[in-house]
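Remarks on the structure that follows.
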Amino acid sequence: MSTLPFSTLTQALDVLFIEAYAGPPDPHATWWIDNEPDCGILGILKNVTAAQASTSVDGSGKAGSTIAANVEHLRWSMANANGALRGEPYKQNWDESWALVDADEAKWDQLRAGLRSEYESLREAIQKQQDLQGDFLLGVMALIPHAAFHLGILRQMIERVHQAQSAGI
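Counting from 1, one number per residue, gives the positions in the sequence shown under full-length UniProt numbering.
Structure representation (structure tokens):
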């Protein structure tokens with residue numbers, strides 16, 4: 001049996017992270033998302049305003065009910081992975097990733113920039129890895145379906161917010 005070169009694994013992870021966050025590198029060959037421009041997480045957030053990002057889609061105003069909360073959760077999870085890859089202690093308290101519920105324009109811009117920065121840092125860190133095993137490998141791999149889940153949630157939330165605005169709610 002042959003072994004898979006580690007660089008093959010990191011290249012595959014990179015392609016899937018790009019697809020999740022930036023959209024497919026080649027729109028003619030997507031793996032799991034649409035092939036329109038800006039269809040990844042970063043692209044779909046471009047035209048979302050702070051007011052829209054802070055609107056509770058279920059009216060509860062609780063953690064997880066806003067676009068901003070989901071974006072902060074994604075940013076936090078990648079920041080946590082980035083820290084762990086740099087040798088920092090892994091944060092076990094995922095509840096803190098849901099602390100943000102709403103954001104003003106400045107905070108929303110900062111949040112989107114922070115998400116992009118953590119995404120780019122994580123891609124760079126993965127590309128630099130020579131050997132990633134155990135919980136580190138599982139954790140990084142888990143971030144891909146995690147991003148896919150939140151991409152779907154964010155799309156639904158954005159649609160609900162737009163529908164509510166159109167209805168004057």
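Where a beta carbon is used, it is the ideal one built from N, C-alpha and C, also for glycine. Predicted, not measured: the structure shown is a model, and the values here were computed from it.
Requested in this report: Please look up how many angstroms separate the CB atoms of Leu-45 and Val-15, rounded, as I've assumed it's under 8 Å.
Outcome: Not quite, the Cβ-Cβ distance comes to about 21 Å (not below 8 Å), so this is no contact.
Query raised in the report: How many angstroms separate the CA atom of Arg-155 from the CA atom of Ile-126?
Result: 27 Å
Report task. Decide if Leu-4 is buried, meaning its Cβ has at least 16 other Cβ atoms within 10 Å, or exposed. Result -> exposed
Report task. Please name the residue, chosen from Asn-93, Gly-114 and Gly-64, that lies closest to Asp-102 on a Cα-to-Cα basis. Result -> Gly-64
Query - Assigned secondary structure, Pro-25 (DSSP; H/G/I helix, E/B strand, else coil) - result: coil
Query raised in the report: What does a CB cutoff of less than 6 Å around Ala-50 pick up in its chain, not counting 5 residues either side in sequence?
Result: Ala-103, Asp-104, Glu-105 and Trp-108
Query - Trp-76 - containing alpha helix (DSSP H), residue span - result: 67 to 85
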